[in-house]
Amino acid sequence: AANVPFFTIDRSPQGCAIDMTVLSDNRLAGKQAGEVMVDELTKKYGEPKGKVPAITGNLSQNVGQLRRDGFHDVVDQYPAIEIIQKVGDWDAAKGQQIVIDVLTATPDLDGIYMHSDNVYGPGTKAALDQLGKFQPAGADGHIIITGVDGGPWMLQAIMGGVADGTG
197 AANVPFFTID
207 RSPQGCAIDM
217 TVLSDNRLAG
227 KQAGEVMVDE
237 LTKKYGEPKG
247 KVPAITGNLS
257 QNVGQLRRDG
267 FHDVVDQYPA
277 IEIIQKVGDW
287 DAAKGQQIVI
297 DVLTATPDLD
307 GIYMHSDNVY
317 GPGTKAALDQ
327 LGKFQPAGAD
337 GHIIITGVDG
347 GPWMLQAIMG
357 GVADGTG
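Every position in the sequence shown, counted from 1, becomes a number in my numbering once 196 is added.
Right, here's the structure in full:
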């Protein structure tokens with residue numbers, strides 16, 4: 197009513213008038229993370245196979261759905277890749293606990309895909325450190341880490357050789 201422009205970023209709201217929505221290609225970002233995961237699993241085993249938890253955002257939101265679907269567009273082509281999907285709801289503490297729980301139940305885990313490396317990256321590292329599983333790429337026992345967002349933690353981890361890629 198006051199002619200204040202209303203913009204949204206990375207969400208497509210329903211039921212309200214907006215002036216503009218700025219969206220990244222979240223499905224493509226999920227695909228890019230999936231491609232890195234497949235490439236790294238193939239390097240590790242000579243074929244795309246392994247166990248990978250996917251820590252999702254809120255799956256009632258289009259961003260979570262698109263990042264999930266883009267990742268699955270790629271990894272679902274390879275039936276020997278087992279995806280263990282866990283909903284993190286964009287909650288860093290919940291994501292960290294998911295890593296601890298899944299890695300404890302599945303000690304032969306090969307990779308981790310995060311819907312948001314901004315949200316889940318530091319907690320994922322802390323969980324892997326806690327369990328003695330944080331190894332640099334190329335080292336025996338390295339767990340492949342991919343995500344979406346390309347946040348500061350993830351970019352430093354990629355450049356430092358401890359994470360593998362982001363969309």
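All residues carry an ideal CB built from backbone N, CA and C; glycine is no exception.
Distance from the Cα of His268 is smallest, within the candidate group Asn199, Pro249, Lys227, Gly363, for Lys227. A contact between stretches requires three or more CB pairs, one per stretch, nearer than 8 Å, and the stretch 274 to 287 meets this requirement with the stretch 233 to 249. With contact defined as three or more Cβ pairs closer than 8 Å, the stretch 337 to 349 and the stretch 301 to 308 are in contact.
Counting C-beta pairs with one atom in each stretch, the stretch 321 to 335 and the stretch 348 to 362 have three or more that are closer than 8 Å, which means they touch. Taking 8 Å as the cut-off, the beta carbon of Arg223 is found closer than this to the beta carbon of Asp265. Comparing alpha-carbon positions, the option among Lys290, Tyr316, Gln292, Ile251 lying closest to Gln281 turns out to be Ile251. The DSSP-derived three-state label of Tyr309 is strand. In the three-state DSSP reduction, Phe267 falls in the helix class (H, G or I). Judged by DSSP in its simplified three-state form, Glu236 adopts helix. With fewer than 16 neighbouring CB atoms inside 10 Å of its own CB, Asp297 falls in the exposed class.
If you check the CB distance, Val270 and Gly230 come in under 8 Å.
In this model, Ala353 and Asn199 are separated by some 44 Å (Cα to Cα).
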